[in-house]
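Heads up, the thing below is written out as structure tokens.
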Amino acid sequence: MKTLKPSEIVTELDKYIIGQHQAKRSVAVALRNRWRRQQVPAELRNEIAPKNIILIGPTGVGKTEIARRLSMLTESPFHKVEASKFTEVGYVGRDVESMVRELLEMTITLDKAREHEAVKEKARRMAEERMLDLLLPKSGPVQAGRSPDPGETQIELVTAAAPESLSTREKLRSLLRQGKLDQRYVDLEIPDRGGGPMVEIFSNAGMEEMGINFKDMLGGLFPKGIKRRKLKVPEAMDALAHEEAQGLVDMEKIVKHAIEKVEQAGIIFIDEIDKIVAKNGSHGPDVSREGVQRDLLPVVEGCTVATKHGPVRTDHILFVASGAFHTVKPSDLIPELQGRFPIRVELDALGRAEFVRILTEPKNALVLQYTALLKTDGIDIVFSKEAVDEIARLAEEVNTRTENIGARRLHTLMERLLEEVLFDAPDLPEQRVVVDPRYVETRLKDIISSEDLSRFIL
Ligand SMILES: Nc1ncnc2c1ncn2[C@@H]1O[C@H](COP(=O)(O)OP(=O)(O)OP(=O)(O)O)[C@@H](O)[C@H]1O
Ligand SMILES: [Mg+2]
7 MKTLKPSEIV TELDKYIIGQ HQAKRSVAVA LRNRWRRQQV PAELRNEIAP KNIILIGPTG
67 VGKTEIARRL SMLTESPFHK VEASKFTEVG YVGRDVESMV RELLEMTITL DKAREHEAVK
127 EKARRMAEER MLDLLLPKSG PVQAGRSPDP GETQIELVTA AAPESLSTRE KLRSLLRQGK
187 LDQRYVDLEI PDRGGGPMVE IFSNAGMEEM GINFKDMLGG LFPKGIKRRK LKVPEAMDAL
247 AHEEAQGLVD MEKIVKHAIE KVEQAGIIFI DEIDKIVAKN GSHGPDVSRE GVQRDLLPVV
307 EGCTVATKHG PVRTDHILFV ASGAFHTVKP SDLIPELQGR FPIRVELDAL GRAEFVRILT
367 EPKNALVLQY TALLKTDGID IVFSKEAVDE IARLAEEVNT RTENIGARRL HTLMERLLEE
427 VLFDAPDLPE QRVVVDPRYV ETRLKDIISS EDLSRFIL
């Protein structure tokens, strides 16, 4: 992926998110600055601290959506977390530092997958040699070639094998490549990765720190088991290729590189940051929320987080926070934290005009979604322009009269509107359903005109 210009980032975001231009611009600039910083000479680079952003806007106007789309556009390590998931250090739950650990973990996984992809061809060729070793009748010098290092295998084969067996080998190879051996089984010894899942359960409970120790401990307790399995040839090829690729990839280098990337270009998106604001003078769970804010300070400011791959500095990680700030204000965050998010961007509340566009324009627009869904049952559903206008108008109306839940209102309205056809689609005699203003009115009018009903149903 190439590095996108800010204008290109905005164009990409425009494909999914309507309006919110200012928010798109600031995240685009922040993203570009990640890359710019990399191009600056080293001495100065260390001086350039990221300018953290806080996105503020009512619920359902696209804050999380921007983060989601952004993560797909950037080459920088990107991780989105929910602030409400964290608990203060000392309490049971996830501590805030785990977000850095997860970012690193994700980066490593991605880089590893990329490296695996790069050595795929080579690993496949090596696996093929090993497969041929397995398939050939175990006799004569050929068998000596069954060594863990496939490079060596080849050499040994060439020197030691008799010419006949060599040609047999080639015949077998061509059969293998043509898939003629796909139904045959081979015995395969593969390293048993038992113990892994158990560790996973522990770390899911939020005990990463313990998880680290457990992993090391368990690794020592249970010797690396080798499991013997009977596999069909294609599956065995995959397993062998995987094993070979693992040997070809230099994990140490990947980890080192990943740590560097996280430290220099990492982005962490903290969603729902308003959920860790303690309401004035309250006690109980709120106390711990403020603790989370305090725990966040050093991470945002720059500290060293211990991970199982080594220490990670957070000085240059960019933090983008977002929150609806419905009942609380950004100024209710503890002052130190406010100061660490110098860029504030407000997202606009959405109205009728935006709803019309949201219904039809994005690549994943609701109208397109429902059209595609019903198509599978052989129904062509057509939304007239006037009907879309009407749905948008109703969404705005319900939003003002009851709770403003932004674009999410469109989801509830559409679901209600199409409930009937979604249920009956497989049995409908006609192939074409036209949604016009009348259709909308008959299905939604009663609910909308009664405030109580709309509170419960929409
Ligand atoms: N500006 C927009 N353009 C297109 N779709 C939107 C827009 N705003 C919201 N949506 C749609 O509405 C839904 C909710 O949006 P999103 O999750 O981004 O809300 P949010 O701003 O994060 O709200 P909350 O504060 O409740 O988390 C998403 O499915 C998204 O597709
Ligand atoms: Mg959200």
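Counting from 7, one number per residue, gives the positions in the sequence shown under this note's numbering.
Beta carbons are placed, not taken as given, at the ideal position from N, Cα and C, and that holds for glycine.
Interface flag, residue i vs chain B, CB-CB below 8 angstroms
i: V192; result: This model lacks chain B altogether, as it is built from one protein chain only.
Closer than 7 angstroms: residue i CB and nearest ligand 2 heavy atom
i: K281; result: no
i: D354; result: no
Secondary structure of residue i, DSSP reduced to three states
i: H85; result: strand
i: K281; result: helix
i: T333; result: coil
i: R40; result: helix
i: T70; result: helix
i: A401; result: helix
i: R350; result: strand
i: T159; result: Because the pLDDT at T159 is just 45, under 50, the model does not fix this residue reliably, and the point stays unresolved.
i: V311; result: strand
i: G491; result: Outside the shown range of the chain, which is 7 to 464, sits residue 491, and nothing can be said about it.
i: R100; result: strand
i: G202; result: For G202, the pLDDT reaches just 44, beneath the cut-off of 50, and the residue's location in the model is therefore unreliable, although a value from the coordinates is still provided. Three-state result, G202: helix.
i: D442; result: coil
i: E14; result: helix
i: I196; result: strand
i: Y481; result: The requested residue 481 is not part of the displayed model; the chain covers only 7 to 464.
i: S294; result: helix
i: S328; result: strand
i: L303; result: helix
i: K238; result: strand
i: I60; result: strand
i: F92; result: strand
i: D395; result: helix
i: I411; result: coil
Nearest candidate by alpha-carbon position, reference residue i, set the options
i: H322; options: K30, A36, P12, S460; result: A36
i: D383; options: D301, I59, L428; result: L428
i: A55; options: K259, E71, G308; result: G308
i: K262; options: L246, E278, H315, H332; result: H315
i: P83; options: E447, D442, F325, D280; result: F325
i: S90; options: G297, E425, E402; result: G297
i: V4; options: M137, L61, A119, M112; result: In this structure the chain extends from 7 to 464, so residue 4 is not present and cannot be described.
i: L140; options: L110, I114, R235, L194; result: L194
i: H85; options: R100, E402, V268; result: V268
i: D20; options: L424, E367, D458; result: E367
i: R74; options: E123, N52, Q45, E18; result: E18
i: R358; options: R415, T115, L379, E176; result: R415
i: R438; options: T377, A34, S455; result: T377
CB of residue i within 8 angstroms of CB of residue j, strictly
i: S32; j: I349; result: yes
i: R422; j: I453; result: yes
i: S294; j: Y22; result: no
i: V362; j: V394; result: yes
i: I24; j: L79; result: no
i: E94; j: D280; result: no
i: T65; j: G412; result: yes
i: I274; j: L142; result: no
i: V446; j: I397; result: yes
i: S390; j: D442; result: yes
i: A465; j: I385; result: For residue 465 there is no data in the structure shown, the boundaries of the chain being 7 and 464.
i: M137; j: M243; result: yes
i: N58; j: R234; result: no
i: Q44; j: A355; result: no
i: I260; j: E123; result: no
i: E53; j: T9; result: no
Inter-residue CB distance, residue i and residue j (contact presumed, cutoff 8 angstroms)
i: V255; j: E103; result: In fact, because the Cβ distance is near 28 angstroms, the residues do not count as touching under 8 angstroms.
i: L365; j: G63; result: Contact doesn't hold; Cβ gap of about 20 angstroms is too wide.
i: V305; j: V106; result: 7 angstroms
i: R38; j: K11; result: 7 angstroms
i: L372; j: M420; result: 5 angstroms
i: A251; j: K126; result: 7 angstroms
i: E134; j: L182; result: 7 angstroms
i: A247; j: A129; result: 5 angstroms
i: L339; j: V283; result: 6 angstroms
Residue i CB to nearest heavy atom of ligand 1 below 7 angstroms
i: P368; result: yes
i: T113; result: no
i: I24; result: yes
i: A89; result: no
i: V334; result: no
i: R75; result: no
i: E67; result: The amino acid at residue 67 is misidentified as Glu; the sequence shows Val. Yes, Cβ of V67 sits closer than 7 angstroms to a heavy atom of ligand 1.
i: G357; result: no
i: R414; result: yes
i: A330; result: yes
i: I364; result: yes
Q: Considering only heavy atoms of ligand 4, list every residue whose Cβ is less than 7 angstroms from one of them, following chain order.
A: With respect to ligand 4, the structure shown offers nothing to examine, as its ligands consist of ligand 1 and ligand 2.
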